[in-house]
Amino acid sequence: MERRLSSPAPTFDELLRRARALVRDDRRAVLGVAGSPGAGKTTLAERLVRALNGDGAPWVAHVPMDGFHLADVELERLGLRDRKGAPETFDAAGYAALLRRLREDSGRTGEGEIVYAPGFERVLEQPIAGAIPVFPSARLVVTEGNYLLLTEGSWARVRAQLDEVWFCEVDEEERIRRLVDRHEEFGKDHDTAVAWVRGTDQRNADLVAATRDRADLVVERQT
Numbered sequence: 001m002e003r004r005l006s007s008p009a010p011t012f013d014e015l016l017r018r019a020r021a022l023v024r025d026d027r028r029a030v031l032g033v034a035g036s037p038g039a040g041k042t043t044l045a046e047r048l049v050r051a052l053n054g055d056g057a058p059w060v061a062h063v064p065m066d067g068f069h070l071a072d073v074e075l076e077r078l079g080l081r082d083r084k085g086a087p088e089t090f091d092a093a094g095y096a097a098l099l100r101r102l103r104e105d106s107g108r109t110g111e112g113e114i115v116y117a118p119g120f121e122r123v124l125e126q127p128i129a130g131a132i133p134v135f136p137s138a139r140l141v142v143t144e145g146n147y148l149l150l151t152e153g154s155w156a157r158v159r160a161q162l163d164e165v166w167f168c169e170v171d172e173e174e175r176i177r178r179l180v181d182r183h184e185e186f187g188k189d190h191d192t193a194v195a196w197v198r199g200t201d202q203r204n205a206d207l208v209a210a211t212r213d214r215a216d217l218v219v220e221r222q223t
């Protein structure tokens, strides 16, 4: 597989062309967008999906990794509540299995059945089962999350289900500012938000940053 890192940085139009080219031979493709917390993965994925579906009838679906967060009650049982967001607090095997089903159960254009994926409710900070329908007409699925390029444990199964993985990154100070703002928006006071970002989130960010060189493309986000 061709590896093309960001030199020079691709334009958004170039990203759209590259995403379209993943779909061939009437086969559903899956594009992954990885990156550290706050790097802009969701923003990029949503923008790609909107632009590509603007071609006509919707043919691109968005399935975030966040739906595979373990529920808080299970994190409490496992003693992992204070590590929420770390790799071990997700159902990585379930996520890999869903990606495999999306690739293999697509049939021909317009055939097959709806595949339901879990979503994540930010206000509740809980996964929601069956929240995202992926219709048979979807020929490209864009999935995004922190750990698409990890090689440990069940995460190692994820990369094999992705046609390409793009690594999203942004200036570090901007990334941290965004994360603090996000935590405050969803209920944390400022000091608690900063402590979480500098602690749990930063440990996760360092782990994700170490996977950067495994990506097919690095996309530098604007601040």
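Residue 52 in this note's numbering sits at position 52 of the sequence shown, with consecutive numbering throughout.
Beta carbons: idealized from backbone N, C-alpha and C, even for Gly.
For the 8 Å CB-CB criterion, valine 219 and tryptophan 166 form a contact.
When only Cα atoms are considered, arginine 159 and valine 194 end up about 32 Å apart. Taken in chain order, the complete alpha helix (DSSP H) segments of 4 residues or longer contained in the region 9-39 are 12-21.
Positions of the beta strand (DSSP E) runs, each at least 3 residues long and wholly inside the region 151-175, are given as 164-169 in order along the chain. Going by C-alpha positions, glycine 35 is about 26 Å away from arginine 24.
Valine 142 is a Cβ neighbour of histidine 62, given a cutoff of 8 Å. Here proline 133 is exposed. Its C-beta has fewer than 16 other C-beta atoms within 10 Å. In this model, glycine 79 and proline 10 are separated by some 43 Å (Cα to Cα). Just so you know, the alpha carbons of histidine 183 and isoleucine 176 end up roughly 11 Å apart.
In the structure shown, the three-state DSSP call for proline 136 is coil.
Nearest C-alpha to arginine 139 among Gly40, Val49 and Glu74: Val49. Secondary structure at threonine 143: strand, using DSSP grouped into helix, strand and coil. Arginine 28 counts as buried, since no fewer than 16 other beta carbons sit within 10 angstroms of its beta carbon. Assigned with DSSP and collapsed to three states, alanine 129 falls in strand. Residues Ser154 and Trp155 of the same chain have their beta carbon placed closer than 6 Å to that of alanine 92, with the five preceding and five following residues left out of the count. Look at leucine 148 here: in three-state DSSP terms it is coil, with no helix or strand label.
Residue environment: leucine 124 is assigned as exposed (fewer than 16 neighbouring CB atoms within 10 Å of its CB, all protein chains considered).
If you compare the alpha carbons of Leu16, Trp196, Lys188 and Asp105 with that of aspartate 55, the shortest gap goes to Leu16.
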